[in-house]
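To start, the structure under review is shown below, and the notes come after it.
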Amino acid sequence: MSRHKVVISLPEAAAMIKDGDRVGIGGFVTTNKPLGILREIMRLRRQDLTVVAPPSSMEVDLLLGLGMVRKLITPYLGAEAIAPLGPFHSGWAGKHFAIEETDLGTLVAGLRAYALALPFMPTRGIVGTSIASLNPTLRPVEDPFGGPPLIAVPPLEMDVVLIHASQADCYGNVQHLGAVFLDPLLAQAGKKVIVQVEKIVSSEEIRRNPGNTTLACEFVDAVVLAPYGAHPMASQNYYRVDADFLNEYVRVAKACVKGQPEQFEEFVARYIDAPAGLSEYLERVGLERLFALGEGA
Amino acid sequence: MSRHKVVISLPEAAAMIKDGDRVGIGGFVTTNKPLGILREIMRLRRQDLTVVAPPSSMEVDLLLGLGMVRKLITPYLGAEAIAPLGPFHSGWAGKHFAIEETDLGTLVAGLRAYALALPFMPTRGIVGTSIASLNPTLRPVEDPFGGPPLIAVPPLEMDVVLIHASQADCYGNVQHLGAVFLDPLLAQAGKKVIVQVEKIVSSEEIRRNPGNTTLACEFVDAVVLAPYGAHPMASQNYYRVDADFLNEYVRVAKACVKGQPEQFEEFVARYIDAPAGLSEYLERVGLERLFALGEGA
Amino acid sequence: MQATAKELAAIFIARQINNGDYISLGTNLPVPAAGVLLAQITHAPDAKINVLSYFVNLAGMDSFPDLGQIANPSVVRWADGVMPVEQLIYGIRRMDLCFAGGIQIDRYGNTNLIGIGDDPQNLKFRGPGSVGTATVMANCRKFFIYTNDHSPRTFVPKCDFISAFGWGDGGADSRTRLGLPGEGPRFVITPKAIMDFDETSKAMRLKHLLPGTSLEELQASAGFELLVPDQLPEMEPPSAEELSLLRTRVDAKGYLRQT
Amino acid sequence: MQATAKELAAIFIARQINNGDYISLGTNLPVPAAGVLLAQITHAPDAKINVLSYFVNLAGMDSFPDLGQIANPSVVRWADGVMPVEQLIYGIRRMDLCFAGGIQIDRYGNTNLIGIGDDPQNLKFRGPGSVGTATVMANCRKFFIYTNDHSPRTFVPKCDFISAFGWGDGGADSRTRLGLPGEGPRFVITPKAIMDFDETSKAMRLKHLLPGTSLEELQASAGFELLVPDQLPEMEPPSAEELSLLRTRVDAKGYLRQT
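Below is the structure:
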């Protein structure tokens, strides 16, 4: 018997995400976002998703704008200096989707509680803040050693986790070759974990530097080849964020929130609905533009 | 102003450990043990130490045999197939030193609680076991979400942590170049952290592969050059465990526990008290013997 | 040469492993290690094996260097990844199978690595300590208990101390009542016999006698009354392929062929 | 050219930093970033700087590429190490200094990145979210608050929501009562002024006016009564070396010289 390869196609990956799922999204702000898989799900307009994300950006704002999200759990949505706020996030919160208030420490505590199979993790980080009162999943917990009470964070459950990384072998051993953000923790806590990569490499290449492996195949259910798959976000070692693209998005999304949805609908038709797959999407963006995002370009 | 170098000598490192200190010891069973620093402390016969150690071996048994330890906190003491038990640990527990009962999960919870500045971490791992009743520092804690109660592990405090690794620069950036065991967690939880290394390398060498850095200088207070400093234990990438040496130790330690201390006293005189420093110790062991512990030898 | 009891025990373990299982291999347990390795090169090429700090896949190994020291540094040649030791616990949700040893094992599958005696301050014998067994056996999906010493010294009515909880004082709900996520001990394996646990009482029950041990002898080997079912089938004998692979690629040094 | 108010603010921050401090630099806060970088190349070569996923030391830098994007991938050229984001929190015991921003800042140094409005289900304006400020400001030894917008829109009597706790409703024991390990906000820094907190009430107090702003104007810039001490010394002027290093090596693109 030989080893089973876990490489699947983008449509196969998208089929693993169902309406109503709790979906974790890896990466950090504008870097290493799994947009290849996300665009497939957007095309299918999956509904009633609960999105769990470390500091997130326009990829989540777009999910909100497409009406796919029931509940959002993220400590941050923005693109720093490029665009401090997500238009749908800022404009529609509480109206078209619910927010489960969190911060980075609370998110880490909930994910760690799930990975450790614990009913809660205590935190002091949000004592005295509004997060403790706005998030109905949290509870006070006594300090059995007599100190002031803390907040108990329950396990944060995710049906599927989507991650973008540099490379993997066909068995699911993944290497980021740079910062890992919260991806290992997300993978430990995800019921299913799908990783899209710029490059699939041999098992020998992975084993040449096992210390570079950031997600061992124990924590990976499927791998998808997705070159330029993080665009318009940055991909470590490959390309920078496409700021012009984000600005265009912010412009049409802002207009939509203000009641002028036409340009946003065109944007969605052009970049999400019409392309038959990743290659067609990238051709619409244009190779010259993509190459210009590389280091030194 | 130029950067401050944190490289110190072995005697300077030993001077950082005082009578009554809580001392953390890195590595795992018979690998990467900071014996260079430990032998200096043994020579000084520091008293009333509380030792906190991940799975440990004869280096801790020797501390026990020298009467330096008041309390021992380790999930394991032995050398696997070479010597399943430490003679002083097996024979003297409760009589010459106290044991704070723990297991790996409990140890990790206590260290993490300290690093996170939390008054406790909950664990389910020891519910129903004797660890929960034998260790007086633990308390039951309710699950505020209504499940069965858990055990609260308080922060595990360490005045000094001693670690052995492959290489570091003179500013305290450390690379293990292999398994890290619990060393990063120990470093995060230690008030002072001293790392002995086989080799001091340039800052440029560290920066060539910052992804290999396992302890950034944020978590390291001092670096000590100690080639062959883990002997008789193994050092990753450098040399294997010296099983003959361990067997000799076990033989003289067993006799001592049985009331015949002469050979143990000779062993201590020869390897701990007489050598003026690491070089003299290694010369007594003999270079031919040391070289024979290398890969392929 | 006929299969030895240790070889049969290893083959029994190999057959319990599903392809794709995530398994953590502790040190100094050569028979379970042999079972896992045999499974990997036969029907479980996708089993995910954790050996202390390394994630390895051994499906392509020619032969294994030394079963006596599974945490051999040479294991790194098959490593897909290196991990901090916390990972054992932090990634425990996905762990399917682990192994526990014990200086005492009781009729409800509790194990003791802490010590022997009544007074914890004055033990007759201090064990090596629980290592990670308490937390790992509480959480991982299932675990097997292994010991080479099938005698009343090890098999006791009640452990003096419990380092890893099995079924406590018995009863199918003894783990869920405490909220323990793992499904508990499944088998107890020795060179004399393979045992499981009664579905209701969770008392230890004989499943297979291994060659060289009679039922009477076995019953005298435990300090408590072992349940014996009416039907006591023999373990399905090893295939020629199982035995050959075990001897040539897993255990070339013959550790399991020593008595 | 005279030092601008933003340059003075950065120089003030630089002077607060001790050699050896462990500092975490958040994104999109160019003035605090400039202050930390200036300290590093003058009196704090051993300051340990964390920029998101990287541990860096910039003592040897010729010039910094772009203060507007501190989390620039090119920062990796000075990286001594790469770290998972949890490390920010897991290693928090050793963190000396952090920076918080806010869409609202109140007189007791509480900050709000959550949103504006009464009804959380129907906010007038939803902010970007707390990022890590809640947990980091609760724990790290001390923190500074920075904003470019010194106006009553930002400086409010009471935040609509609190994302990072400062001094709550005031009082020197307002943090210890809750068990918060960190010592709380030390300074509030804007291009108009530098403020600290009264030792007893922990109400915000003027420390230095920055050039271009009068006391009357400043008092009108907050929606609450700012404490003003009897003595209001000017900030010690920048040395020629501070200003020159700031302009040539830290902020060559002149971000802090724009008004």
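Protein chains in written order, with this note's numbering: chain Z, 1 to 297; chain Y, 1001 to 1297; chain H, 2001 to 2259; chain B, 3001 to 3259. For glycine and all other residues, C-beta sits at the position ideal for the given N, C-alpha and C.
Where the segment 1087-1098 of chain Y meets chain H: residues whose CB sits under 9 Å from a CB there: So the close ones are His1089, Ser1090, Gly1091, Trp1092, Ala1093, Gly1094, Lys1095, Ala1098.
Chain H residues whose Cβ lies nearer than 9 Å to that of Y:Arg1124: For a Cβ distance threshold of 9 Å, residue set Thr2135, Ala2138, Asn2139, Leu2178, Gly2179, Leu2180, Pro2181 of chain H lies close to Y:Arg1124, ordered along the chain.
Three-way DSSP call (helix, strand, coil) for Y:Glu1080 in this model: Secondary structure of Y:Glu1080 (DSSP, three-state): coil.
Whether B:Ala3134 touches B:Phe3165 by CB criterion (9 Å): Going by C-beta atoms, B:Ala3134 is nearer than 9 Å to B:Phe3165.
Below-9 Å beta-carbon distance, B:Ser3163 vs any chain Z residue: Chain Z contact via Cβ: present.
N-terminal and C-terminal residue of the beta strand (DSSP E) that Z:Gln167 is part of: Z:Gln167 -> beta strand (DSSP E) spans 158-168.
Residues near Y:Gly1190 in its chain [Cβ-Cβ closer than 7 Å; skip 5 each side]: Spatial neighbours of Y:Gly1190 in its own chain (CB-CB distance under 7 Å, excluding positions within 5 residues in sequence) are listed in chain order as Gly1024, Met1158, Val1160, Val1161.
Unbroken alpha helix (DSSP H) run spanning Y:His1089, endpoints: Segment 1087-1092, the alpha helix (DSSP H) holding Y:His1089.
Partners in chain B for Z:Leu182, counting only beta-carbon separations shorter than 8 Å: Per Cβ cutoff of 8 Å: Pro3084, Val3085, Glu3086.
Any chain Y beta carbon closer than 9 Å to H:Gln2121: At a cut-off of 9 Å between beta-carbon atoms, H:Gln2121 makes contact with chain Y.
Nonlocal neighbours in the same chain, by C-beta distance under 7 Å from Z:Thr123, ignoring five residues either side: Hits under 7 Å: Gly105, Thr106, Ala109, Leu150, Ile151, Val153.
Test: Y:Gly1128 CB closer than 9 Å to a CB of chain H: It does: the Cβ of Y:Gly1128 has a partner Cβ on chain H nearer than 9 Å.
For H:Pro2030, the first and last residue of its enclosing beta strand (DSSP E): Careful: H:Pro2030 lies outside any beta strand (DSSP E), inside the alpha helix (DSSP H) at 2030-2041.
Beta-bridge pairing of Z:Pro140 - partner residues as DSSP gives them: Answer is Z:Ile151.
Assigned secondary structure, B:Pro3084 (DSSP; H/G/I helix, E/B strand, else coil): Coil.
Contacts around B:Pro3084, its chain only, beta-carbon distance under 8 Å, and the 5 residues preceding and following it disregarded: Closer than 8 Å at Cβ, skipping near neighbours: Ser3053.
Inter-residue spacing [alpha-carbon to alpha-carbon] between H:Gly2212 and H:Met2195: H:Gly2212 and H:Met2195: Cα-Cα distance of roughly 16 Å.
Neighbour list for H:Pro2045 in chain Z, Cβ cutoff strictly below 8 Å: Within chain Z, the residues near H:Pro2045 are Met1, Ser2, Arg3, His4.
Segments of 4+ residues assigned as alpha helix (DSSP H) that fall wholly inside the segment 1248-1292 of chain Y: As far as the segment 1248-1292 of chain Y is concerned, its whole alpha helix (DSSP H) runs of at least 4 residues are 1262-1268, 1278-1285, 1287-1291.
Closest residue to Y:Ile1041 among Y:Glu1288, Y:Gly1294, Y:Arg1284, Y:Gly1277 (Cα-Cα distance): If we check each option's Cα against that of Y:Ile1041, Y:Gly1277 comes out closest.
Short Cβ contact (9 Å threshold) for B:Thr3004 with B:Leu3215: Going by C-beta atoms, B:Thr3004 is not nearer than 9 Å to B:Leu3215.
CA-to-CA distance, B:Arg3015 to H:Val2082, given in whole angstroms: Their backbone Cα atoms lie some 42 Å apart in a straight line.
Under 7 Å from the C-beta of Y:Thr1106: neighbouring residues of chain B: Taking a Cβ-Cβ threshold of 7 Å, none of the residues of chain B is close to Y:Thr1106; the smallest such distance is about 18 Å.
Chain-ordered neighbours of H:Lys2048 on chain Z, where CB pairs are closer than 7 Å: Those within 7 Å of H:Lys2048 in chain Z are Cys217, Glu218.
Sub-9 Å separation of B:Gly3179 and Z:Gly125 beta-carbons: With contacts defined as CB atoms closer than 9 Å, B:Gly3179 and Z:Gly125 fail to qualify as a contacting pair.
Beta-carbon separation (whole angstroms), H:Phe2143 vs H:Arg2186, contact threshold 8 Å: Right, their Cβ atoms sit about 7 Å apart.
Cβ neighbour criterion (16 or more within 10 Å) applied to B:Ser3239: B:Ser3239 is classed as exposed because its beta carbon has fewer than 16 other beta carbons within 10 Å across all chains shown.
In DSSP terms, what Z:Gly24 is bridged to: The partner list for Z:Gly24 (beta bridge, DSSP) reads Z:Val52, Z:Val161.
Cβ contact (3+ pairs, closer than 8 Å) linking the segment 64-77 of chain Z and the segment 94-105 of chain Z: Counting C-beta pairs closer than 8 Å gives three or more between the segment 64-77 of chain Z and the segment 94-105 of chain Z, which meets the contact rule.
Where Z:Val201 sits in the DSSP three-state scheme: Collapsing the DSSP output to three states places Z:Val201 in coil.
7 Å Cβ cut-off: residues of chain Z touching Y:Leu1118: Within 7 Å Cβ-Cβ: Pro122, Arg124.
Cβ pair Y:Leu1293, Y:Val1241 closer than 9 Å: Result yes, Cβ atoms of Y:Leu1293 and Y:Val1241 sit closer than 9 Å.
First through last residue of the beta strand (DSSP E) which encompasses H:Asn2139: That residue, H:Asn2139, is in no beta strand (DSSP E); its alpha helix (DSSP H) goes 2133-2139.
C-beta neighbour in chain Y for H:Tyr2146, strict 9 Å: Output row for H:Tyr2146: interface = no.
Three-state secondary structure (DSSP) of Z:Asn32: Z:Asn32 carries a coil assignment under DSSP once its states are collapsed to helix, strand and coil.
Residues bridged to H:Ser2269 (per DSSP): This structure cannot settle anything about residue 2269 of chain H, because the visible part of chain H is limited to 2001 through 2259.
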